[in-house]
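What follows is a set of notes on a single structure, which appears directly below.
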Amino acid sequence: MGKGTRALFLALIAIAAAVGTAAVTLLVLREAPAPAVAGLGGAFSLTDQDGKRVTEADFRGRYMLIFFGFTNCPDVCPMTLQRIADALDVAPALKSKLTPVLVSVDPERDTPAALKSYVAAFGPEFRGLTGSPDEIAAMLKAYKVYAKKVPLDGSALGYTMDHSALIYLYGPDGAFVTAYDPALDPPALAARLQETIK
Ligand SMILES: [Cu+2]
45 MGKGTRALFL ALIAIAAAVG TAAVTLLVLR EAPAPAVAGL GGAFSLTDQD GKRVTEADFR
105 GRYMLIFFGF TNCPDVCPMT LQRIADALDV APALKSKLTP VLVSVDPERD TPAALKSYVA
165 AFGPEFRGLT GSPDEIAAML KAYKVYAKKV PLDGSALGYT MDHSALIYLY GPDGAFVTAY
225 DPALDPPALA ARLQETIK
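Heads up: the sequence shown is residues 45 to 242, going by my numbering.
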């Protein structure tokens, strides 16, 4: 293990401990031998909440604060997106350098129109990205994000999505920077972002 890999590994262990989900633990175990952080992320081709096709190139020059989730999520997604919105209200200068992005892990239900009204509730700076199931699967694979459909018996929704819940920061060059515990309170998240984004 190189020094950087080891540091990432330790950071992910700490995050896994904090988040305490089996999904994140699995991710850590599977990804620990990965040779470089540079392997995380990369190209994607999706559709935004206005129906416009976008790729990673459209975000170059800005940080992306990415959360992977879905609009029918009852708790983790809305709570985390609200924390991100509140953190940006604590440190509004960040908005000039960073775009908060929700990438749907539920492309079957999350149409651009569904995402548009959903992300608008958190602030005008939020972008929502969705795509075909194949396009989303490709991004989840490249960004090492776990998501799985779980049947919901007796619910009108039919199914929910189990998904990893870290908040990922990607740099202006598209490279992975760090991941944040979604349970950080808004002032703490704002402080962590300010430490990194000068
Ligand atoms: Cu969720």
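All C-beta atoms, glycine included, are put in the ideal place defined by N, C-alpha and C.
Whole-angstrom Cβ separation of residue i and residue j, contact assumed at under 8 Å?
i	j	result
residue 174	residue 159	6 Å
residue 125	residue 213	Not confirmed; about 15 Å, so no contact.
residue 220	residue 90	Not really, about 18 Å apart at Cβ, beyond 8 Å.
residue 172	residue 129	The pair is not a contact, with the Cβ atoms about 13 Å apart (cut-off 8 Å).
residue 231	residue 134	5 Å
residue 143	residue 169	7 Å
Taking only the alpha-carbon atoms, compute the straight-line gap between residue i and residue j and give it to the nearest angstrom.
i	j	result
residue 215	residue 145	13 Å
residue 228	residue 177	30 Å
residue 224	residue 127	12 Å
residue 244	residue 141	Residue 244 lies beyond the range of the chain shown here (45 to 242); nothing can be said about it.
residue 92	residue 123	21 Å
residue 157	residue 240	33 Å
residue 188	residue 86	11 Å
residue 131	residue 196	33 Å
residue 217	residue 116	32 Å
residue 119	residue 206	12 Å
residue 112	residue 136	22 Å
residue 201	residue 153	10 Å
residue 21	residue 149	This structure gives no information on residue 21, because the portion of the chain shown stretches from 45 to 242.
residue 155	residue 99	17 Å
residue 96	residue 186	22 Å
residue 191	residue 121	13 Å
residue 106	residue 242	12 Å
residue 222	residue 235	14 Å
residue 243	residue 139	No statement about residue 243 is possible, as the shown extent of the chain runs from 45 to 242 and does not include it.
residue 101	residue 198	43 Å
residue 163	residue 211	16 Å
residue 88	residue 179	8 Å
residue 194	residue 147	19 Å
residue 181	residue 103	20 Å
residue 151	residue 161	15 Å
Are the C-beta atoms of residue i and some chain B residue less than 8 Å apart?
i	result
residue 230	The structure shown contains no chain B; it holds only a single protein chain.
DSSP puts residue i in a beta bridge; with which residues?
i	result
residue 204	194
residue 113	148
residue 232	Answer is none; residue 232 lacks a bridge partner.
residue 240	Paired residues: none, contrary to the question.
residue 98	90
residue 220	214
residue 187	According to DSSP, residue 187 bridges with nothing at all.
Taking a cut-off of 5 Å, which residues have a beta-carbon closer than that to any heavy atom of ligand 1, in chain order? 113, 117, 120, 121
Quick one: which unbroken beta strand (DSSP E) runs of 3-plus residues sit fully inside the segment 116-183? Chain order, please. 142-148, 171-174
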